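Beneath this line is the structure, given in structure tokens, with notes to follow.
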Amino acid sequence: MPYPFLHGLNPEQRAAVTLPHESALILAGAGSGKTRVLTTRIAYLIQSGQATPHGVLAVTFTNKAAKEMIARLSAMLPINTRGMWIGTFHGLCNRLLRTHHREAGLPALFQILDSSDQLSAIKRLLKSLNVDEEKYPPKQVQHFINSSKDEGLRAEAVEAYDPFTRQMQEVFAEYDKQCQREGVVDFAELLLRSYELLSRDSALREHYQNRFRHILVDEFQDTNRLQYRWLKLLAGPGSAMFAVGDDDQSIYAFRGAHVGNMREFERDFAVKQVIKLEQNYRSHGNILDAANALIHHNSGRLGKNLWTSEGSGEPIRLFEATTDQEEAAFIVDETRSLQREGIAFTDIAILYRSNAQSRVLEHALFSAGLPYRVYGGLRFFERQEIKHALAYLRLIASSEDDGALLRVINFPARGIGARSLEQLQDAARQRGVSLYEAACMKLLGGKGGTAIGNFAVMLEAMRETCHGLPLPEQIEHVIEASGLAQHYRGEKEGAERLENLNELVNAAAGFVAENEEDHSLAAFLTHAALESGERQAEAGVAAVQLMTVHAAKGLEFHAVFLTGLEEGLFPHENAAKRSFSEDLSAQQVSRNYNSRNESDGLEEERRLMYVAITRARRRLYISYAQSRMLHGQFRYGLVSRFLDEIPAQLLKAVNTRRAYTEAQSAWTSLSAPAAVRRSSAAPDSPWHFGQNVSHPKFGAGVIINCEGSGADARVEVKFRNAGTKWLALEYAKLTAM
DNA sequence: ACTACGAGACTTTTT
DNA sequence: GTCTCGTAGT
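Numbering (my numbering), first residue to last: 24 to 760.
In structure tokens, the structure reads:
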């Protein structure tokens with residue numbers, strides 16, 4: 024057997040892996056071994072001599088997926104994956120643009136703007152253009168620019184038949200000019216710029232076309248129009264594209280994903296056969312049957328039916344709660360009993376449609392002393408202290424970066440107010456130079472003592488010192504010399520921020536250790552922009568996993584609680600309405616944007632439900648509440664239509680088992696059996712919502728809010744005489760009353 | 001320059 | 001209900 028890694032593949036998987044050199048579409052259902060097929064295909068191509076590592080291009084959407092692919096590949100083959108082009112669309116485009124920055128019309132050290140950098144750039148631009156932010160909300164401008172770029176359109180190519188759109192178009196054009204001036208590039212620009220580069224420069228295009236004879240794409244259903252055109256451009260006459268995707272799991276149309284790319288791909292690349300991977304290795308039969316039945320209500324599917332060689336398993340448990348609190352109490356109880364059965368907390372997920380729903384669930388889990396982890400907070404590189412530090416570093420790397428300068432010129436405060444900033448901006452505009460340059464000129468202009476001049480001196484000194492230092496030490500120095508460390512040392516909530524800044528130094532050390540070829544500051548900044556880091560919360564801690572259904576895509580759990588199955592919530596009311604892009608077209612904007620109608624929206628919600636169901640391996644709970652607190656008032660919801668679309672015989676109602684009341688939910692922790700307490704990762708907490716407490720300094724109070732678990736657990740206490748305060752349970756000496 | 005208060009939003013999100 | 005953002009006030 025020359026290819027040991029083909030072992031254990033089912034016939035369809037094997038057929039996909041060993042396909043001849045031709046473009047192919049692999050319709051890979053949830054839990055059908057998609058990633059395995061993709062990586063094994065690459066291994067097979069290399070091992071069989073059909074491809075060299077050099078000639079393979081593999082694209083994913085997330086860094087996580089790219090990393091996993093590389094890890095699996097190096098486990099299968101003794102090759103150096105370093106030189107291989109495996110990465111995200113943005114990562115690969117970045118690589119292309121760095122290599123050919125001159126041809127692309129970019130400075131060698133172009134910086135990458137993340138969404139929040141982009142938003143501030145837009146706000147700044149609107150101010151300087153005197154555009155009314157009321158009429159043209161920065162967020163909407165951002166959406167306009169990004170979705171245009173995602174469609175492959177530059178400002179001048181946008182169809183604008185009305186004054187509103189013409190103004191948008193104008194801002195778009197000015198925005199691109201500003202970015203060009205400042206040597207920065209936003210995410211969509213990475214794609215568009217490299218697309219334009221390849222389509223303009225035929226020699227370059229042919230070079231890459233000849234090189235990449237094998238192009239493999241993961242999550243193909245999530246590609247947007249520009250990404251697909253980019254792929255088409257890279258695929259030369261001798262190339263074969265191996266596209267893996269699942270139209271039923273397309274849940275990102277709202278950010279430009281175009282499922283239609285799958286059918287277009289079949290046509291454009293004369294795909295001979297679509298290989299369907301329908302055998303599911305994850306879930307029991309009932310769960311798959313429910314998913315199949317549900318998704319059957321969608322139209323225009325490529326068509327696919329999941330099956331398993333395992334039994335049907337348990338029925339899906341359906342719980343009807345009176346209120347959202349009762350729903351949460353039920354989940355707490357069931358989580359406990361799952362734990363008694365020996366299911367690890369990490370193998371239990373609580374899913375919801377929108378983030379706002381997590382609050383009630385968190386409260387209940389907290390009160391019960393169950394450890395939990397909420398996905399979807401701020402990410403490491405998005406924290407303000409990190410962004411500040413990075414802005415200093417960006418200024419050191421490239422002084423044209425006005426956005427970076429504006430972020431830190433007066434942080435920490437050094438007496439540079441709005442007035443002096445305006446002067447600086449005027450001076451820069453007049454002479455057509457960057458803000459930094461203008462600041463330096465102020466220095467030469469005589470009044471050497473100005474705060475702005477001092478800032479320029481400080482920065483110049485920082486740059487001088489950093490020169491020649493190893494990366495982590497550069498960052499360490501900048502954190503100190505900029506006054507950031509000093510500033511946070513003096514702040515009451517600063518300890519955590521200081522810790523994060525320290526972590527940034529560690530991240531740089533890790534980056535240096537991992538990247539042999541490029542240790543430069545610019546490379547690290549790129550890394551920071553392109554990989555915003557893990558979602559917060561300590562990994563590895565045994566905790567129940569709370570996340571949105573979107574965030575759960577690609578994951579699996581022994582038991583899944585799928586909550587809030589109410590009309591308006593899931594399917595979400597906004598999804599079945601006109602979308603934002605249609606609001607635009609109502610204002611006579613171009614029809615080129617993804618004009619989605621209600622049924623598209625509803626079908627995407629259904630796919631979302633499909634994704635949610637297929638996360639569960641063994642046990643699936645679906646719940647809904649007759650009423651819940653939403654936007655500050657009670658809402659009475661109808662049962663989601665999706666429940667009608669799951670065959671009744673697969674469902675088992677469990678709501679009559681016990682009466683859950685709010686009172687019970689708050690006090691369950693106290694009546695929990697000792698056995699639970701002992702085996703629990705975290706002891707049952709005596710702290711919960713409504714608990715009367717006493718604090719040595721602040722006196723008597725009541726717990727009105729709580730969050731986190733384990734060492735990070737905090738409670739908000741309303742004191743009789745000392746106001747409300749957040750207290751860390753680990754440190755605060757609270758006594759229950 | 002920092003705090004305080006009111007207005008308005010509020011689906012999902014990676015890069 | 002709760003959070004963010006921007007402006008006004010000290």
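Positions of the beta carbon are idealized from the N, C-alpha and C atoms, including for glycine.
The structure presented is a predicted model; accordingly, all values stated were derived computationally and were not measured.
Buried or exposed (CB count within 10 angstroms, at least 16 for buried), residue i
| i | result |
| --- | --- |
| Phe292 | buried |
| Ser702 | Confidence in Ser702 is poor, its pLDDT being 26 and thus under 50, which makes the residue's placement too unreliable to answer from. |
| Tyr754 | exposed |
| Glu626 | buried |
| Gln348 | buried |
| Ala490 | Strictly speaking, residue 490 in this sequence is His, with Ala absent from that position. His490 comes out exposed. |
| Pro495 | buried |
| Ala226 | exposed |
| Pro25 | exposed |
| Ser138 | exposed |
| Asn284 | buried |
| Leu401 | exposed |
| Ser273 | buried |
| Gly31 | exposed |
| Gln509 | exposed |
| His44 | exposed |
Length of the line joining the Cα atoms of residue i and residue j
| i | j | result |
| --- | --- | --- |
| Gly517 | His581 | 39 Å |
| Val564 | Lys295 | 47 Å |
| Ser692 | Leu384 | In this prediction, Ser692 has a pLDDT of 32, which is less than 50 and means its spatial position is unreliable; nothing more can be read from the coordinates. |
| Leu96 | Thr83 | 14 Å |
| Met481 | Arg520 | 23 Å |
| Ser646 | Asp269 | 27 Å |
| Asn169 | Gln250 | 13 Å |
| Ser5 | Val181 | Nothing can be reported for residue 5: it is not among the residues displayed for the chain, which extend from 24 to 760. |
| Pro76 | Arg486 | 39 Å |
| Phe368 | Glu337 | 20 Å |
| Leu100 | Ile93 | 10 Å |
| Glu229 | Gly259 | 7 Å |
| Glu156 | Leu149 | 7 Å |
| Ser390 | Thr758 | 16 Å |
| Ala599 | Asn620 | 8 Å |
| Ala566 | His573 | 20 Å |
| Leu221 | Leu120 | 10 Å |
| Ser46 | Leu132 | 36 Å |
Which listed residue (the options) has its alpha carbon closest to that of residue i
| i | options | result |
| --- | --- | --- |
| Glu579 | Arg37, Glu45, Leu752 and Gly54 | Gly54 |
| Thr358 | Leu42, Phe584 and Ala88 | Phe584 |
| Ala372 | Ala88, Met652, Leu643 and Ser717 | Leu643 |
| Gly308 | Phe665, Leu673 and Leu631 | Leu673 |
| Phe28 | Glu45, Lys57, Asp312 and Ala98 | Ala98 |
| His542 | Cys489, Ala531 and Trp253 | Ala531 |
| Gly476 | Pro493, Glu496, Glu621 and Gln446 | Gln446 |
| Ser335 | Tyr304, His386, Met652 and Glu364 | Tyr304 |
| Met191 | Leu152, Ser217 and Val397 | Leu152 |
| Ile636 | Ser650, Leu666, Asp623 and Gln656 | Leu666 |
| Leu492 | Ser443, Arg442 and Leu544 | Leu544 |
| Leu429 | Leu458, Arg406, Leu215 and Ala450 | Leu458 |
| Asp223 | Tyr184, Arg406, Thr345 and Ala127 | Before going on, a small fix: residue 223 reads as Arg here, not Asp. Ranking Tyr184, Arg406, Thr345 and Ala127 by Cα distance to Arg223 puts Ala127 first. |
| Val677 | Gly326, Leu341, Arg177 and Ser262 | Leu341 |
| Thr58 | Val456, Ser663, Ala266 and Leu592 | Ala266 |
| His386 | Ala280, Glu350, His166 and Glu540 | Glu350 |
Bridge-paired residues (DSSP) for residue i
| i | result |
| --- | --- |
| Met570 | Leu374 |
| His595 | Gly591 and Leu592 |
| Trp330 | Gln302 |
| His237 | Val79 and Ala263 |
| Ile49 | Val267 and Ile298 |
| His718 | Gly722 |
| Arg340 | Tyr644 and Lys675 |
| Met652 | Phe657 |
Supposed contact pair residue j and residue i - C-beta distance, whole angstroms, cut 8 Å
| i | j | result |
| --- | --- | --- |
| Gln232 | Val282 | Gln232 to Val282, Cβ: 26 Å. No contact. |
| Gly587 | Tyr395 | About 17 Å separates the two Cβ atoms, so there is no contact after all. |
| Glu628 | Pro670 | 19 Å between Cβ atoms; not a contact. |
| Leu213 | Asn328 | In fact, because the Cβ distance is near 38 Å, the residues do not count as touching under 8 Å. |
| Leu300 | Gly56 | 7 Å |
| Leu661 | Glu589 | 7 Å |
| Ala450 | Leu466 | Incorrect: roughly 12 Å between the Cβ atoms, too far for contact. |
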